[in-house]
Every structure is written in C-alpha cells, then in structure tokens.
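Below, the structure written as structure tokens:
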C-alpha cells in the first residue's frame, strides 16, 4: 500500500469506533452515503454556537459573518472543481435537485417536441426520471445508449445516437450500481462536435477522484455533499456561466430577485437567480469544511489508495466460488457489486449486518441496470478512503461463511 | 459465526429455500396473482385451485430471498385443504405474528409458520415474509392480478 495516512484518517471519523451487533463497524455503504469526519461534525456545532444567521439579508454582524462563511464555502467548491467563477456554483439540495433544475429550467426553455435527450443504460433513477417528466411535459424523446456485459458504455452506439435532434446529453460520471467510470471527456468531445451540451452526474465520482470542470469541458456537473463527507441537504450544480445566464429561474422566492413589484420581477445575478429561499446555510458552510479536509488529504492520494482497495477486493472476490461480480469495467471506481449463486442479496445484507458489516442490498436506484444483468438485486460493497484491507478480509470471510451456511 | 441470526434463519427456512415446495405452475388455476416487492426485487406468481370455497391446490413460481421463498413455500403447503375464510383468518394471524403488534399470538397455533416469527425483530425483513400472504389475500379476494408491497 502507498503511504496513505489511513490510521489518522480512521481516527478522524468518530463513527468508525462504533460497535454494531457487538462487532466493530465495517462500513461499506459509502456509495449510499459516507460518514463524517470530526472536523465536519464540529464545524456544524461551532457554526450554530457562534456564527449562525441568515445570509444575504441583514446588516447585523452575525448575518455578515454567516454570509461570508457561506460565500467562502462557494469559493472552496469553485476551487475544488476548478470552475472559472463563483457565479457558476449553484447551491442546491443535492444531485437529484441539480438534475431537476437543469431539466425544468434549461430543458423547458431549450428543448422542444420531437427533440432528443441522450442518457445511458447505467443511469441512476435520478438521471432518468427528471428527463422522463420533461419528455412528458414537452413531447421530447429520451434515448438510451446501451452498455455491454462488463458494464461499460458502448461508445460507438452512444455516438450513433447523437443526432441533429439531440439537445442534451446527460451521463453519469461514475456508476453507483456498477462502479464504471465513463470516458466522459471523449463523450463530451463527441457531443460538442455537434454543439450539444453535456451534463455529468458526478454524485459518485466526486468523492473518489479529482474533478476539473474546465479540463472536462462539461456544461453542467451535479453532485451531493453527503457523499463527499459533508451533511445531507446540500449539493452543487456547476453550470457554464453563459448557459446559466440564458436559463430562466427554476423556483421563485426570496434571494433570487433583485426587484419585485406586482407587475414584474427583476431576477438576481448568478448564482442567486437559482437559489430561491433561505438555503441550507450550515450544510453549505460545512461542505466547505469537508472540502478543506479532502484537499488536505489530496484527491490524487484518495484515488490511488481506493484503487488499491478495489484491486484487492476484486482479487479476493474472484477467489470465492459462486460469486459473480456485476460490473467489471476496465476503468472502475471503488465499488464491488456482486451476486452469489445460492444466496439472495437481501439475505447477504442481513447476514453481513450480523457481523457488523454494512453493505447495500437492492437495486441501487438503478432498476434498468438490474434488468440488463437479469438479477433482481445485487449486494454492493462500496469503499471510501477510510476503509482498509483488513475490512475487506472481514467482508470476504463473512461472504465465505454465509455461503457455507446456505449450503 | 451467525449465532445472532438463529431466530431469523431457522433450519426449516434453509430447507424450504433450498427445496421450495409446490414450486410449479397450476395450468388450470382459478386464481393467478403476481406479488412484487419493488424494494428488494422479490417477485412471485401464486396459483390457486379452488373447489367451491375450498383451496384444493396452491403453487408458486418466482425468485426471492430465503425468507420470502420459505414463507411462500410454507404457505402453499399449509393453505391446501383450507377454506377461503380459514386462509384469510390465517393471513390475519400471520400478519399479527410478523409485525409484532400482538405479542400474545399463540405460536403453537401457528404450526410450522411459527419459524417466521423471528422477522419481527428485523423490520427491514418483515415484507419479505408477508409478500406471499398479501399476494394470497389479493388472490382470495379476487380483486387484482398483481400486487406490490412497499
């Protein structure tokens, strides 16, 4: 293993000391949500104890302090994903909210009946359903680029599906059900050659790798705070400034306006045009704290360490007879989705839980992926930077034992 | 290694999971209802053959976890020979036993079905055990051709 400060990192996450059913917690459900470092937990408490008030509202000291912290967090996000301007960073509730924003604002303004939206067969429901709703509203058509048996996007077919009618491509950066990391730069190049904007669903990718929106040249990038070691209820929509400027507001309310009369309303500048109402102030500020923590560890180190974890887990999983990995893309993030010959994923989940191991069992909000692989569900171990090789051994021992019990 | 789970996964459950009873299609079934649990993907089709108000044959097809497979397997065994009313009464009792609302459910009176009482300690798994019975309920009431638990 590389020189990764795993001991220190584990000490930074208080919940990892927790006992589950009298066993040390082995938390492998990070693709659902990940645990929080003490820095994040304490920053939340410190904020409410010392610095909290509404933002962009008052002249009083606390409001100014809170606003500075809130805008400071936006600047941290900007740097973290290397956006050009803070105007391109819209705080939203999460990835789902971000995608719905694009569907309802960009989509309703720019996409017409008969136009096409292109997604892939490995999308999370949150990158399927908002487009289906939009298509129903305006009569557009949803196209789906297929995947292969390894769980990789069929890039040629994706290209063939780009047409003169395609108005938007929305693709997952890293699949939550399979772990597949899509060749997004290549896809963006192909779409841009036809002047088609691209949204990347970065919910899974963002905690695992360095993301540079200028380098990717994506038009939108959506992610959630809670998968990035920050609280729930906060997420980010990155959008290129010229695109966001051309888009109508998504929701109306306070903060998103400059001037309101009963006759007409003048909207606020970016990014506030898209931030109606009091935002998730504390959660946004603490997202900044989580980013500080990650920047300190280094995203490249995180990616390298997790790649070693995944390689080890995959190697060990291959040794287990009757275990089939679902999702074996060449380029893959730290997710091990699997099924066993004679044990249903739900039974795997309950059995492992009794050993203190938290894995997800189910369809992972990706029912079309389950249908493609002809499984009702999978068990999924998803890793974070605080997981260890020892924990993978515990997982594999657990799997071997439950296979024996089920005979 | 799995001592904590002995109440949930009793030997009878493993047995029915490995060798489900009445796992077949009844071609001339009077009632055929699909049951689906979208949360975990459990899916079964229940076939009922009636003679008047008496259940003369019951079978199923489908795939699910050990709890749901054992539950439907045991159910098809136990309801055979019962009247619709008797089966409905058993459904009520089974529901009470697995949701734990009535701690005093007489487990002895539940016969073999008592092996599924353990699920009440596992709220996430209750629906695995009750899917079969909700499907039966729909079949007996003859109202729907598919039901879904969530």
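Protein chains in written order, with my numbering: chain V, 694 to 1100; chain X, 6 to 155.
C-beta atoms are modelled at their ideal positions from N, C-alpha and C, and glycine is treated no differently.
Would you kindly work out how many angstroms separate the C-alpha atoms of residue i and residue j, rounded to a whole number?
{"i": "residue 54 of chain X", "j": "residue 873 of chain V", "result": "47 angstroms"}
{"i": "residue 1159 of chain V", "j": "residue 995 of chain V", "result": "Any property of residue 1159 of chain V remains undetermined from this structure, which presents chain V solely from 694 to 1100."}
{"i": "residue 768 of chain V", "j": "residue 980 of chain V", "result": "11 angstroms"}
{"i": "residue 930 of chain V", "j": "residue 778 of chain V", "result": "13 angstroms"}
{"i": "residue 810 of chain V", "j": "residue 794 of chain V", "result": "15 angstroms"}
{"i": "residue 19 of chain X", "j": "residue 36 of chain X", "result": "28 angstroms"}
{"i": "residue 963 of chain V", "j": "residue 801 of chain V", "result": "19 angstroms"}
{"i": "residue 1077 of chain V", "j": "residue 935 of chain V", "result": "35 angstroms"}
{"i": "residue 731 of chain V", "j": "residue 703 of chain V", "result": "10 angstroms"}
{"i": "residue 1034 of chain V", "j": "residue 1016 of chain V", "result": "6 angstroms"}
{"i": "residue 725 of chain V", "j": "residue 85 of chain X", "result": "43 angstroms"}
{"i": "residue 1081 of chain V", "j": "residue 1047 of chain V", "result": "20 angstroms"}
{"i": "residue 100 of chain X", "j": "residue 1036 of chain V", "result": "25 angstroms"}
{"i": "residue 982 of chain V", "j": "residue 923 of chain V", "result": "8 angstroms"}
{"i": "residue 787 of chain V", "j": "residue 987 of chain V", "result": "19 angstroms"}
{"i": "residue 792 of chain V", "j": "residue 1057 of chain V", "result": "18 angstroms"}
{"i": "residue 1065 of chain V", "j": "residue 70 of chain X", "result": "20 angstroms"}
{"i": "residue 915 of chain V", "j": "residue 894 of chain V", "result": "5 angstroms"}
{"i": "residue 1022 of chain V", "j": "residue 1089 of chain V", "result": "21 angstroms"}
{"i": "residue 763 of chain V", "j": "residue 898 of chain V", "result": "24 angstroms"}
{"i": "residue 120 of chain X", "j": "residue 92 of chain X", "result": "18 angstroms"}
{"i": "residue 755 of chain V", "j": "residue 745 of chain V", "result": "6 angstroms"}
{"i": "residue 798 of chain V", "j": "residue 945 of chain V", "result": "12 angstroms"}
Hey, quick one: how far does the alpha helix (DSSP H) through residue i stretch, first residue to last?
{"i": "residue 1091 of chain V", "result": "1082-1099"}
{"i": "residue 826 of chain V", "result": "822-831"}
{"i": "residue 983 of chain V", "result": "974-990"}
{"i": "residue 813 of chain V", "result": "Careful: residue 813 of chain V lies outside any alpha helix (DSSP H), inside the beta strand (DSSP E) at 809-813."}
{"i": "residue 96 of chain X", "result": "89-104"}
{"i": "residue 792 of chain V", "result": "788-794"}
Taking only three categories from DSSP, how would you classify residue i?
{"i": "residue 1076 of chain V", "result": "coil"}
{"i": "residue 33 of chain X", "result": "coil"}
{"i": "residue 918 of chain V", "result": "coil"}
{"i": "residue 799 of chain V", "result": "helix"}
{"i": "residue 856 of chain V", "result": "coil"}
{"i": "residue 12 of chain X", "result": "coil"}
{"i": "residue 67 of chain X", "result": "strand"}
{"i": "residue 76 of chain X", "result": "helix"}
{"i": "residue 26 of chain X", "result": "coil"}
{"i": "residue 1061 of chain V", "result": "helix"}
{"i": "residue 932 of chain V", "result": "strand"}
{"i": "residue 1038 of chain V", "result": "helix"}
{"i": "residue 867 of chain V", "result": "strand"}
{"i": "residue 694 of chain V", "result": "At residue 694 of chain V, the pLDDT of 49 sits below 50, so the modelled position is not reliable and the matter cannot be decided from this model."}
Using 9 angstroms as the limit for Cβ to Cβ distance, is residue i near chain X?
{"i": "residue 1047 of chain V", "result": "yes"}
{"i": "residue 1094 of chain V", "result": "yes"}
{"i": "residue 1035 of chain V", "result": "yes"}
{"i": "residue 822 of chain V", "result": "no"}
{"i": "residue 1031 of chain V", "result": "no"}
{"i": "residue 1043 of chain V", "result": "yes"}
{"i": "residue 1040 of chain V", "result": "yes"}
{"i": "residue 795 of chain V", "result": "no"}
{"i": "residue 979 of chain V", "result": "no"}
{"i": "residue 1056 of chain V", "result": "yes"}
{"i": "residue 1099 of chain V", "result": "yes"}
{"i": "residue 1070 of chain V", "result": "yes"}
{"i": "residue 1063 of chain V", "result": "yes"}
{"i": "residue 714 of chain V", "result": "yes"}
{"i": "residue 1015 of chain V", "result": "no"}
Between which two residues does the beta strand (DSSP E) harbouring residue i extend?
{"i": "residue 56 of chain X", "result": "47-56"}
{"i": "residue 1054 of chain V", "result": "1053-1055"}
{"i": "residue 894 of chain V", "result": "891-894"}
{"i": "residue 770 of chain V", "result": "Premise fails: residue 770 of chain V lies in the alpha helix (DSSP H), 754-774, not in any beta strand (DSSP E)."}
{"i": "residue 903 of chain V", "result": "Premise fails: residue 903 of chain V is in no beta strand (DSSP E) and is neither H nor E."}
{"i": "residue 702 of chain V", "result": "Segment 699-705 is the alpha helix (DSSP H) holding residue 702 of chain V; no beta strand (DSSP E) there."}
Taking only beta-carbon positions, decide if residue i is within less than 9 angstroms of chain V.
{"i": "residue 130 of chain X", "result": "yes"}
{"i": "residue 10 of chain X", "result": "yes"}
{"i": "residue 71 of chain X", "result": "yes"}
{"i": "residue 80 of chain X", "result": "no"}
{"i": "residue 136 of chain X", "result": "no"}
{"i": "residue 145 of chain X", "result": "no"}
{"i": "residue 6 of chain X", "result": "yes"}
{"i": "residue 127 of chain X", "result": "yes"}
{"i": "residue 44 of chain X", "result": "yes"}
{"i": "residue 26 of chain X", "result": "no"}
{"i": "residue 19 of chain X", "result": "yes"}
{"i": "residue 90 of chain X", "result": "no"}
Within the stretch 120-149 of chain X, ranges of the alpha helix (DSSP H) (whole runs, at least 4 residues)
131-146
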